[in-house]
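Novice: I'd like to ask some things about the structure below.
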Amino acid sequence: MDIEAADFKKLRQLQWKIMENVAASALIPLMQIGDELGLFTALHKAGPTSSEKFSEAAGIDKRYGREWLLALSAAGYVTYKSENDRFLLSAEQAAVFVENDGP
1 MDIEAADFKK LRQLQWKIME NVAASALIPL MQIGDELGLF TALHKAGPTS SEKFSEAAGI
61 DKRYGREWLL ALSAAGYVTY KSENDRFLLS AEQAAVFVEN DGP
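Note that full-length UniProt numbering numbers the sequence shown so that position 8 is 8, with each residue one more than the last.
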């Protein structure tokens with residue numbers, strides 16, 4: 001194998017694609033949990049909220065609630081407002097994750 005002949009730009013693109021796929025595979029169970037437990041709906045109803053209040057409203061452990069919110073906000077599936085440590089669903093996120101007749 002001639003690694004030196006590899007195109008560095010193409011190599012980096014392939015590595016990035018692999019990382020994206022690994023990240024996506026980790027998010028699928030979190031999205032499924034959110035759907036099955038009604039977490040997206042609970043977050044949407046709560047509006048901009050702290051992870052503690054979200055967890056209470058959703059009836060889940062506070063630590064798990066915060067981890068779920070942080071993971072999905074890092075992926076862009078939940079909106080996080082760092083200035084006041086609040087989580088929410090944008091109109092677009094709610095259309096996808098909450099509305100049964102959504103896109």
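The beta-carbon is built from N, C-alpha and C at its ideal position, and this holds for glycine as well.
Just checking A57 against the ligand GDP - is the residue's beta carbon closer than 8 Å to any of the ligand's heavy atoms?
Specialist: For the ligand GDP, the structure offers nothing, since it holds no ligand at all.
Novice: Kindly indicate which three-state DSSP category Y80 falls into: helix, strand or coil?
Specialist: strand
Novice: Buried or exposed, going by whether 16 or more other CB atoms sit within 10 Å of the CB of S55?
Specialist: buried
Novice: Should V22 go down as buried or exposed, given a rule of 16 or more other Cβ atoms within 10 Å for buried?
Specialist: exposed
Novice: Under the rule that 16 or more other beta-carbon atoms within 10 Å means buried, what is Q13, buried or exposed?
Specialist: Residue environment: Q13 is assigned as exposed (fewer than 16 neighbouring CB atoms within 10 Å of its CB, all protein chains considered).
Novice: With a threshold of 16 other CB atoms inside 10 Å of the CB of W16, please say whether the residue is buried or exposed.
Specialist: exposed
Novice: On the CB-based measure, 16 or more other CB atoms within 10 Å of its CB, does F32 come out buried or exposed?
Specialist: Note that residue 32 is Gln in the sequence shown here, rather than Phe. Label assigned to Q32: exposed.
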